[in-house]
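Below is one structure, written out as C-alpha cells, with a few remarks after it.
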Amino acid sequence: MKAEAPTLRMPGARAWRTGLLYLGLFAAFLWAVFPFYWMVVTSLRPESELFARPPSLLPREITFEHYVGLLVGAGFWRNALNSLFLTVVVTGFSILVSLTAGYALARYRFRGSTVLPALMLYGQMFPAVLLLIPFFLQFRAFGWMDSLWALALVYLSYMLPLCVWLMRGFFAQVPFALEDAARMDGCTRWQAFWLVIVPMARPGIIAVATWSMIHAWNEFLFAATLISSAEKRTLPLGLSGLIGQHTTDWGMLMAGGVLTALPIVAVFFALQRHLVSGLGAGGVKG
Amino acid sequence: MSRTGDGQGGGGAPPTRRRAPLSSVFETGRGARIYPYLLVLPAFVIVLGVVLYPVVAGIVASFQDLTLRTLSRGTVSFVGLRNFERMWADPVFWTALRNTGLWVGANVVAQMVLGLALALLLNQRVRGLGFFRAGILLPWVVPSVVAVLTWRWMYDPSVGIVNEMLVRTGLLQEYFPILGDVRTALWAVTVESIWKGTPFVMLLLLAALQMIPRSVTEAAQMDGARGWRMLVFIVLPQIRLAFAIAMILTLILTVNNFNAIWLMTAGGPLNSSEILFTLAYRYGFERMNLGLASAVATVLFVFLVVVTTVYLYLIRLRDEG
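Protein sequence lines correspond, in order, to chains A and B. Numbering-wise, the first sequence is residues 1 to 286 according to the numbering used here. Numbering-wise, the second sequence is residues 287 to 607 according to the numbering used here.
As C-alpha cells, then:
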C-alpha cells in the first residue's frame, strides 16, 4: 500500500465527498438537537412571548421566572429526591448482581450456563404492560402500593436481564489468565474475582451503570401505575402532572424538562465513550 | 497481606497452617461445584421471581374475570376464553391491531435505515466528529417523558413551531391540529418516536462497524471494491448480526413505547393512534378490567415471541446455509 493506486477520479471528487459528508452530519445534527433547543428556549421566554404568533426562533427577551416558579415550591425538589433515590438504589444493585452473574456465565460452564443468557434476552422482550398487571395485583395484595422500594425492585427486575447480558459480553474479553495467576499467589477465587477481575471489568460496569441510571431516572409507566401519593412522585410523573386539562403552563413544564434532562445528559456525556464500547462488546458480540 | 506474611516470616518455627479466608470453601469439592451457581443465583432469583412469575401470572390472568369488583369480593374465577372473545368483539381492538402494525412497521423501517445511514456517516474520519456524534445521540439520552412533552409543545395547534415551519415552507395553508386529527395523529407521534429511537440503532451499528477488522476492508479495497459495492458486499455482511439484534430491539422498544402515545394523544382522537399497548393499559387501569387487559397483553406477548423467534431462526439458518 505504499504507492497510491492510480485512480481515474476527478481531483475534486474528494472535496465533494467531504462536503456531502458534512452536509449529512450537519442535517442530522440539526434534526436531533432542534427539539432540545426549542425546549430550552421555551423555558427562558416570558409568558407573553410564549403565545406570540408566529413563534420566533430566537427569544427576544430572556427570563428565569419559570425556573424560579418551579424551584420555589417543594414539589419539584421532592420529585427530584425520589428519582435520585430510585436511580441510586437500582444502579447499585444492578451492578452488583450483574457483575457476579455475568462473570459466572462467561467463566464457567455449568448446568444452565447456555440457557440462562438466552432466557435473559427473552426477559427483555416481555411487553411491560403484561408485567404491570401481576405487579399491580401482587403489590396490592402485599400492601406494597405506593412504595419507592417496591418500585425499585420492579425497575431492577426490568433492567437486570440486559445488564447481565452486557456484563457477560464484557467478561468474555477479560483475560482470565490473570485470575489464575492471582490464585497461584494464594488468592481464593472469590478474592481473585474482586481484586483482579472486577477492576478489569470497569468499562463494563460503567456501561451497565449508565444503562440503568438512564432507565431508572426516566421511567414513567410503572411509576405512574404503582405510585399514587403526591409526595412519592418521581420527576417524570411530576412533569406529566403539569399537563393541565385545559391549559398548560408550558414555560414551567419546559423548565422542568430542562432540569430533569440535565443531570442524565451530563452523566451520559461524561461516560459515553465507555457506553459505546460496552454496547459493542456486550450487545453485538454476545 | 497477612497471608503472605505468614508464609515467609515463620523463621525456625514449625510451619503454621495459615488461616484460610472464609471464601476458600469455594476452592475445592462441593464448594467449587456450587460456586458458579451461587454467583448466578441473585440474578436468577430476580429474573425468575420478578420477570418469569409475572409473565406466567399475566397470562393466567387473561383467563380470569379479574376486575376491581371481583378482586375486592374475592370472587375471581376462571372464565375460559371469555376475555379473548370480548376482545375480538371490540372494534377498537381491531383498530389498535392495525395501528400497531403501522406503528411498528414505520418505526422499525425508518429507524433501521436512518440508523444505518448515521452510523456510516459517523464511521468516517473527519474533524469534529465527536461534536456531531454527541449531538446526534442527544435524543436518546433525553428522558422520554421530557422529549414527548417537548414534541407535544412543538405540535401545538395554535403556536407550535412545527405548524409555523410547515406553513412557511408551503406544505400547509394554515395552522392545523396535527395531534388532534384522526389522519395525522399516529404519524405525528411516529415522527417523535423515530427521532427518539434512531440514535440507539446508530449506536449499536456504529459499534459493529468499528469492529470490522481493517484487514477485511483493506483486502476488499485492493480488489477494487469502492463505494456502494464495498457497502453492500463487504460492510453489510460484516455487521449482519448487529443489524439483526438492533432490529429486534427496535421492534421490542417500539411495541413497548407507551410514553410517546399516551402523553401526546392518549390513543386519540377517536382511537386513531391507539396501539395494543395503550389499549391494554386503558382496559386495565381506566376501566379496571385487568383480565381483559391481560388478554390484550398476552396477544402482544405472543406476537413478540413469535416474530423474534422466527427472525432469529431465519438468521441462523442463513448463517449456516
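For glycine and all other residues, C-beta sits at the position ideal for the given N, C-alpha and C.
Check	Outcome
Through-space distance from VAL588 of chain B to GLU504 of chain B, alpha-carbon basis	45 Å
Residue from A:ILE214, A:GLY241, A:ASP249 and A:PHE220 with nearest C-alpha to THR91 of chain A	A:ILE214
Cα-Cα separation between LEU105 of chain A and LEU388 of chain B, rounded to whole angstroms	39 Å
Span separating the alpha-carbon of VAL337 of chain B from that of ARG60 of chain A	52 Å
Own chain residues within Cβ distance below 7 Å of GLY291 of chain B, not counting five before or after	Note on GLY291 of chain B: pLDDT 40, under 50, position unreliable in the model; the coordinate value appears next. The answer is none, since no qualifying residue turns up.
Meets three-Cβ-pair contact criterion under 8 Å: the stretch 473 to 491 of chain B and the stretch 412 to 430 of chain B	yes
Residues near GLY286 of chain A in its chain [Cβ-Cβ closer than 7 Å; skip 5 each side]	The pLDDT assigned to GLY286 of chain A is 35, lower than 50, so where the model puts this residue is not dependable; a value taken from the coordinates is nonetheless given after this. Excluding positions up to five away in sequence, the list reads GLY169.
Buried/exposed call for PRO54 of chain A, threshold 16 Cβ in 10 Å	exposed
For ARG526 of chain B, the first and last residue of its enclosing alpha helix (DSSP H)	526 to 541
Alpha-carbon spacing of TRP297 of chain A relative to ALA343 of chain B, whole angstroms	Only positions 1 to 286 of chain A appear in the structure, and residue 297 of chain A is not among them; the question remains open.
Whole-angstrom distance between ILE464 of chain B and MET373 of chain B, CA atom to CA atom	30 Å
Proximal residues to SER288 of chain B (C-beta, below 7 Å), its chain only, five neighbours per side dropped	Note that SER288 of chain B scores a pLDDT of 41, beneath 50, so its modelled location is shaky; the value from the coordinates is reported in the next line. Cβ within range, chain order: n/a, list empty.
Assigned exposure category for LEU57 of chain A - 16 Cβ within 10 Å defines buried	exposed
Anticipated Cβ contact below 8 Å, PHE330 of chain B with GLN350 of chain B, distance rounded	Rounded, the Cβ-Cβ distance is 28 Å, inconsistent with contact.
Interface residues of chain A facing GLN410 of chain B [CB-CB closer than 8 Å]	LEU21
Environment of ARG45 of chain A [buried if 16+ CB atoms lie within 10 Å]	buried
Stretch-stretch touch, CB-based, cutoff 8 Å, three pairs: the stretch 127 to 146 of chain A with the stretch 70 to 85 of chain A	no
Own chain residues within Cβ distance below 7 Å of ALA506 of chain B, not counting five before or after	MET516 and ILE520
Members of the stretch 203 to 223 of chain A that neighbour chain B once the beta carbon cut-off is set at 8 Å	ILE214, TRP217, ASN218, PHE220 and LEU221
Between the CA atoms of LEU472 of chain B and LEU556 of chain B - distance to the nearest angstrom	11 Å
Rounded separation between ALA128 of chain A and GLU371 of chain B - CA only	23 Å
Neighbour flag for GLU572 of chain B against chain A, beta carbons, 8 Å	no
Option in A:GLY241, A:GLY257 and A:LEU235 with minimal Cα separation from LEU81 of chain A	A:LEU235
Contact with chain A by MET444 of chain B, beta-carbon distance below 8 Å	As written in the sequence, residue 444 of chain B is Ser, which differs from the Met given in the question. Cβ-Cβ to chain A under 8 Å: yes for SER444 of chain B.
Cβ-Cβ distance between GLU460 of chain B and VAL453 of chain B below 8 Å	yes
Separation of ALA182 of chain A from ALA299 of chain B, as counted between CA atoms	Here ALA299 of chain B scores only 48 on pLDDT, less than 50, and its place in the model is too uncertain to base an answer on.
Whole-number beta carbon distance between VAL394 of chain B and MET533 of chain B, since they are thought to touch under 8 Å	6 Å
Residue-level contact to chain B via CB, TRP16 of chain A, 8 Å cutoff	no
According to DSSP, residues forming a beta bridge with THR353 of chain B	B:ASN575
Environment of HIS246 of chain A [buried if 16+ CB atoms lie within 10 Å]	exposed
Cβ of ILE133 of chain A within 8 Å of any chain B Cβ	yes
SER157 of chain A, buried or exposed, once every other Cβ within 10 Å from all chains shown has been counted against 16	buried
Per-residue contacts from GLU313 of chain B into chain A (C-beta, under 7 Å)	THR188 and ARG189
Inter-stretch contact (C-beta, 8 Å, three-pair minimum) for the stretch 317 to 329 of chain B and the stretch 535 to 550 of chain B	no
Helix, strand or coil at PHE587 of chain B according to DSSP, with G and I counted as helix	helix
Where PHE29 of chain A falls: helix, strand or coil (DSSP)	helix
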